[in-house]
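These protein sequence lines are chains A, B and C, in that order.
FYI, my numbering numbers position 8 of the first sequence as 8, with every residue one higher than the one before it.
FYI, my numbering numbers position 248 of the second sequence as 248, with every residue one higher than the one before it.
FYI, my numbering numbers position 82 of the third sequence as 82, with every residue one higher than the one before it.
Every residue gets a Cβ at the ideal spot worked out from N, C-alpha and C, and that includes glycine.
Below: one structure, written as structure tokens.
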Amino acid sequence: MSITVSNISKSYKSVKALENIYFNVKEGELFGLIGPDGAGKTTLFRILTTLLIANEGSATVAGFDVVSDYKKIRNNVGYMPGKFSLYQDLTIEENLNFFATIFGTTIKENYELIKDIYVQIEPFKDRRAGKLSGGMKQKLALCCALIHKPKVLFLDEPTTGVDPVSRKEFWDMLKRLQQKGITILVSTPYMDEAALCDRVALIQDGKILQVDAPNAIVKHYSKQIYNISAHNMYLLINALKSYKYNHSVYPFGEFVHYTDQRADFNPENLKVYLESKKLSQIVIKNTEPTIEDTFMELAK
Amino acid sequence: MKRFIGFIKKEFYHIFRDRRSLFILFGMPIAQIMLFGFAITNEINNVDIAVLDHSKDATTEEIINKISASKYFSINQFIEKESDIDAIFKKGKVKAVLNFEKDFSKNLIKDHNATIQIVTDATDPNTANTISNYVNAILIQYQSVLNKDINITYQVVPETRMVYNPELKSVYMFVPGVMTIILMLVSAMMTSISITREKELGTMEILLVSPIKPIQVIVGKVFPYIFLSIINAIVIVILSIYIFKMPIQGSLILLALESVLFIITALALGILISTISETQQTAMMISLMGLMLPVILLSGFIFPISSMPLPLQLISNIIPAKWFNIIIKGIMLKGVGIQFLWKETLILIGMSVFFIALSVKKYKIRLE
Amino acid sequence: MSDNKVIQVEKLTKMFGNFTAVNAISFEVEKGEIFGFLGANGAGKTTAMKMLIGISNPTSGKANVAGFDVFTRAEDIKKNIGYMSQKFALYDDLTVKENITFFGGIYGLSRTKIKEKSAVLVEELGLEAVANKLVGALPLGWKQKLSFSVALLHNPKIVFLDEPTGGVDPITRRQFWEMIYKAANHGTTVFVTTHYMDEAEYCDRVSIMVNGKIEALGTPRKLKEQFKVDNMNDVFLKLARG
Chain A
1 MSITVSNISK SYKSVKALEN IYFNVKEGEL FGLIGPDGAG KTTLFRILTT
51 LLIANEGSAT VAGFDVVSDY KKIRNNVGYM PGKFSLYQDL TIEENLNFFA
101 TIFGTTIKEN YELIKDIYVQ IEPFKDRRAG KLSGGMKQKL ALCCALIHKP
151 KVLFLDEPTT GVDPVSRKEF WDMLKRLQQK GITILVSTPY MDEAALCDRV
201 ALIQDGKILQ VDAPNAIVKH YSKQIYNISA HNMYLLINAL KSYKYNHSVY
251 PFGEFVHYTD QRADFNPENL KVYLESKKLS QIVIKNTEPT IEDTFMELAK
Chain B
1 MKRFIGFIKK EFYHIFRDRR SLFILFGMPI AQIMLFGFAI TNEINNVDIA
51 VLDHSKDATT EEIINKISAS KYFSINQFIE KESDIDAIFK KGKVKAVLNF
101 EKDFSKNLIK DHNATIQIVT DATDPNTANT ISNYVNAILI QYQSVLNKDI
151 NITYQVVPET RMVYNPELKS VYMFVPGVMT IILMLVSAMM TSISITREKE
201 LGTMEILLVS PIKPIQVIVG KVFPYIFLSI INAIVIVILS IYIFKMPIQG
251 SLILLALESV LFIITALALG ILISTISETQ QTAMMISLMG LMLPVILLSG
301 FIFPISSMPL PLQLISNIIP AKWFNIIIKG IMLKGVGIQF LWKETLILIG
351 MSVFFIALSV KKYKIRLE
Chain C
1 MSDNKVIQVE KLTKMFGNFT AVNAISFEVE KGEIFGFLGA NGAGKTTAMK
51 MLIGISNPTS GKANVAGFDV FTRAEDIKKN IGYMSQKFAL YDDLTVKENI
101 TFFGGIYGLS RTKIKEKSAV LVEELGLEAV ANKLVGALPL GWKQKLSFSV
151 ALLHNPKIVF LDEPTGGVDP ITRRQFWEMI YKAANHGTTV FVTTHYMDEA
201 EYCDRVSIMV NGKIEALGTP RKLKEQFKVD NMNDVFLKLA RG
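Right, here's the structure in full:
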């Protein structure tokens with residue numbers, strides 16, 4: 001096991017930030033911590049990177065206890081905090097050089113590991129970090145976190161505030177790093193990124209909702225979901241919400257995801273009901289549950 | 001060691017790339033010295049005074065001539081009656097009135113005693129005090145000439161001799177004060193800001209989650225500012241020697257060593273401030289309110305400590321600037337050596353050790 | 001101009017020196033429409049939006065917002081639009097009611113009107129229990145719903161939303177979109193700028209900006225068909241990679 005977390009709880013004054021958090025991350029796994037802002041992701045990351053001490057429970061990283069062996073952990077992990085913590089007034093190269101030096105290494109020594117990523121920003125190596133785009137900052141921050149060849153990599157919301165192209169590239173990079181044997185724990189508020197991880201923990205309000213592989217998580221979803229659309233979204237939502245058999249009604253892009261309480265539900269009956277509510281162009285189709293559906297069902 | 005050098009290199013990048021701070025860092029000492037040296041001064045020059053002469057005889061005329069001949073005063077006008085004094089002060093231009101009693105010469109010859117009243121506008125007590133001292137000085141001088149002539153020497157004439165700063169040049173008083181302020185400000189405020197900036201940026205998190213030791217971070221932060229503060233001290237001393245012709249009586253080496261000691265005390269305070277503040281703004285507020293004001297008000301730089309109320313006198317003892325101010329005045333103005341300053345030096349060393357110990361103890365290896 | 005077009009933009013351009021931040025963009029938005037204005041960071045979205053809300057002068061082109069020309073009637077535009085951004089929305093150190101009163105005051109609502117509206121608003125959002133609490137103490141999702149309501153306080157013709165739902169939990173996010181649908185259904189035009197592509201799926205129509213130009217414009221469904229992909233994220237990836 002590369003990371004073990006058992007029954008971790010943490011409170012700030014009266015606010016419970018984390019409650020009985022548990023999960024294990026296997027060696028070489030790409031593990032996702034999925035949850036909205038304020039779910040407790042950053043607090044958990046800080047406990048695992050030895051920056052905070054939990055009130056209860058225990059955790060190990062790379063075989064070391066996060067409290068008693070904190071110094072050993074600090075030598076063996078790479079950490080990329082939420083805000084791409086870089087020195088804005090230093091250039092790309094100076095930032096990287098600095099982090100290499102404080103970890104007692106050089107860019108040359110571990111160039112192989114960061115090469116894929118660094119070549120993309122190398123043309124701008126004399127530009128100051130403060131003047132980079134979100135995507136470039138993200139790549140630089142990743143290089144800085146990797147420069148000492150860590151065994152475990154902690155990435156706290158690396159894709160927040162970054163455009164889709166950079167996000168896609170970033171996940172491709174993570175996959176390649178994983179192949180080099182690095183264990184990666186990544187947090188994200190984007191449900192669609194869960195599918196890119198080997199396993200995920202869904203977290204909300206400081207509690208774990210579920211831990212499993214993404215495709216296993218959606219299999220737990222027991223109800224049939226229907227994609228429904230009509231000529232007017234607002235009226236459709238209102239009509240479905242006032243339908244007495246509804247189990248859940250969630251807008252989902254151009255559709256509404258609907259589930260029914262009854263086992264013998266017949267979409268035709270619903271269509272008749274919606275027509276009685278003066279809706280037109282009604283389409284009702286079966287659809288597969290997504291991580292987001294599962295998340296909402298569990299958080300309900 | 002490589003880590004440490006890498007860290008220091010980074011700190012110098014920060015300093016030299018922040019043009020505005022750099023300008024303040026080096027512009028401020030020069031501006032302050034100039035300001036205190038030229039603009040704010042205790043000396044008086046061509047102060048307007050009025051005369052109310054009830055005798056109008058030869059002696060009063062002579063005294064009036066003597067006073068108006070000095071570069072300190074110029075006779076603005078003559079008034080006729082006591083009630084005019086108030087009116088003339090209210091206009092604001094005249095700062096003092098010389099009031100000669102009736103039959104001044106006669107009384108002087110007959111009783112060997114005549115009275116001049118010096119009425120000063122004490123809305124500015126410092127100036128008022130200086131004016132009356134200067135007039136007294138002129139009168140005493142006149143008296144001694146007079147006494148020689150008429151050969152009566154029994155009178156005891158009090159004489160105040162200004163030592164160490166015989167010309168009473170206020171710039172001599174301000175240079176040590178300004179040096180104290182600048183060193184305090186640069187060292188304490190700049191270090192505390194530079195450490196809290198890392199907290200704000202989030203880079204402190206990465207530094208903590210790295211093998212670099214807390215002591216390396218602290219010393220790495222402090223080192224560049226020791227260097228910059230020393231440059232500042234040198235600039236101030238050079239300015240005071242060459243622009244204000246201020247003689248440095250004591251040993252320059254001792255002055256340098258004591259300055260480094262004070263810089264270290266201030267840096268230790270800066271680190272302490274950074275351990276208790278989370279943002280650059282808080283660090284700056286604490287440095288300004290908690291350090292600058294006491295340094296200016298309680299170090300004896302502007303207000304003499306001996307004339308403060310007792311509680312303030314006691315408080316002034318915990319202000320490092322007070323001790324440095326004594327040391328630096330001792331070296332610059334009196335030219336004394338370590339044998340007279342060892343006590344103050346020891347106090348500063350003690351304070352530094354205390355602050356450093358406290359900040360190392362308070363420095364968090366974690367975020368809370 | 002027809003009554004139904006609340007935003008009309010024709011060849012709108014903004015230059016900064018030699019750099020063309022917004023390059024001759026043209027589009028129209030109808031009354032009650034939810035219009036997504038997408039693009040990567042630095043694509044020119046923010047610059048374009050600043051011109052539309054009257055705080056930046058275009059270099060050339062034409063634009064009419066809420067019936068007013070952006071060149072000559074910027075002040076009138078400001079009175080007729082609402083604005084909400086994820087970064088700045090409400091004052092954390094004021095209570096819910098104080099925030100409502102303050103923003104109502106800015107838009108010149110009378111005191112009785114503000115009282116009336118804030119009572120309705122607090123009730124609709126279910127904020128009775130926290131009406132006198134500081135906004136800073138509220139969960140993120142509540143804050144966002146509240147700030148959207150505040151942006152609608154003066155019944156603007158158009159409301160501009162800048163990345164409104166980033167990081168919010170999925171349920172609250174849907175409640176937020178339901179509020180948007182409601183506002184649109186009542187005739188308020190909703191203009192959403194974002195680089196979160198899943199937010200784009202909720203819009204009636206979207207435009208995608210790349211390097212200062214609008215490279216795609218249409219309903220999410222049409223764009224997905226056009227680029228032969230099944231979500232807006234892939235539409236964006238295809239566009240941005242050329």
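- Separation of the CB atoms of A:Ala54 and A:Thr4 is rounded to 13 angstroms, and the pair is thereby denied contact status at 8 angstroms.
- Identification of residues in the region 198-213 of chain B having a C-beta nearer than 9 angstroms to some C-beta of chain A yields Glu198, Leu201, Gly202, Thr203, Met204, Glu205, Ile206, Leu207, Leu208, Val209, Ser210, Pro211, Ile212, given in sequence order.
- With a cut-off of 8 angstroms on Cβ pairs, the region 213-230 of chain C is not in contact with the region 57-65 of chain C, counting fewer than three such pairs.
- Under the three-state reduction of DSSP, A:Gln178 is assigned to helix.
- Contact annotation: in the region 113-124 of chain A, no residue has its CB less than 8 angstroms from a CB in chain B.
- Cβ neighbours of A:Arg262 within its own chain (closer than 7 angstroms, five residues either side excluded): Tyr245.
- With a threshold of 9 angstroms between beta carbons, B:Phe262 makes no contact with chain A.
- In its chain, beyond the 5 residues on either side, Lys125 have a beta carbon closer than 6 angstroms to the beta carbon of A:Glu93.
- Put simply, the region 113-131 of chain C touches the region 88-103 of chain C. At least three CB pairs are less than 8 angstroms apart.
- Taking 9 angstroms as the threshold, the shortest C-beta distance from A:Phe103 to chain B falls below it.
- In the DSSP assignment, C:Asp198 falls within the alpha helix (DSSP H) that extends over 197-200.
- Cβ neighbours of C:Glu30 within its own chain (closer than 8 angstroms, five residues either side excluded): Asn4, Lys5, Val6, Thr189.
- Annotation: A:Gln210 has no Cβ neighbours in chain C at a cutoff of 9 angstroms; minimum Cβ distance is about 14 angstroms.
- Look at C:Thr189 here: in three-state DSSP terms it is strand.
- Judged by pairs of C-beta atoms under 8 angstroms, the region 18-33 of chain B touches the region 175-186 of chain B, as three or more such pairs exist.
- CA-to-CA, the gap between B:Ala96 and B:Met351 works out to about 47 angstroms.
- Between A:Val165 and C:Leu237, the gap from beta carbon to beta carbon is short of 9 angstroms.
- Secondary-structure assignment with DSSP links A:Phe255 through a beta bridge to A:Phe252.
- With its beta carbon at least 9 angstroms from every one in chain C, A:Phe170 lies outside the interface.
- The Cβ neighbour count for A:Thr259, taken over all protein chains shown within 10 Å, is at least 16; the residue is labelled buried.
- With a cutoff of 9 angstroms on beta-carbon distance, A:Leu177 and A:Leu146 are scored as near each other.
- Under the 10 Å beta carbon count, B:Asn325 is surrounded by 16 or more other beta carbons and is classified as buried.
- For A:Gly134, the residues of chain C that pass the 7 angstroms Cβ criterion are Asn41, in the order they occur in the chain.
- At a cut-off of 9 angstroms between C-beta atoms, A:Pro251 counts as an interface residue with respect to chain C.
- Around C:Pro139, the beta-carbon contacts reaching into chain A at under 8 angstroms are Gly38.
- According to DSSP, B:Ser21 shares a beta bridge with no other residue.
- Between A:Met80 and A:Leu155, the CB-CB gap stays under 9 angstroms.
- Taking all protein chains in view, the Cβ of A:Lys115 is surrounded by fewer than 16 other Cβ atoms within 10 Å, so the residue is classified as exposed.
- Here A:Thr294 is buried. Its C-beta has 16 or more other C-beta atoms within 10 Å.
- One finds nothing in chain C with a Cβ atom closer than 8 angstroms to the Cβ of A:Val61; even the nearest lies about 26 angstroms away.
- One finds Gly6, Phe7, Lys9, Lys10, Tyr13 in chain B with Cβ atoms closer than 9 angstroms to the Cβ of A:Phe98, taken in chain order.
- By the neighbour-count criterion, in which 16 or more other beta carbons inside 10 Å mark a residue as buried, B:Tyr225 falls on the buried side.
- Close to B:Arg3, with beta-carbon spacing below 9 angstroms, are these residues of chain A in chain order: Thr101, Ile102, Phe103, Gly104.
- Inter-segment contact for the region 125-145 of chain B and the region 103-115 of chain B is absent: fewer than three beta-carbon pairs are separated by less than 8 angstroms.
- Exclusion of the five residues before and after A:Lys10 leaves Ala17, Leu18, Thr43, Ala54, Asn55 as the residues of its chain whose Cβ lies within less than 6 angstroms of its Cβ.
- C:Glu199 and A:Ile237 do not touch by the CB rule: their CB atoms are close to 17 angstroms apart, not below 8 angstroms.
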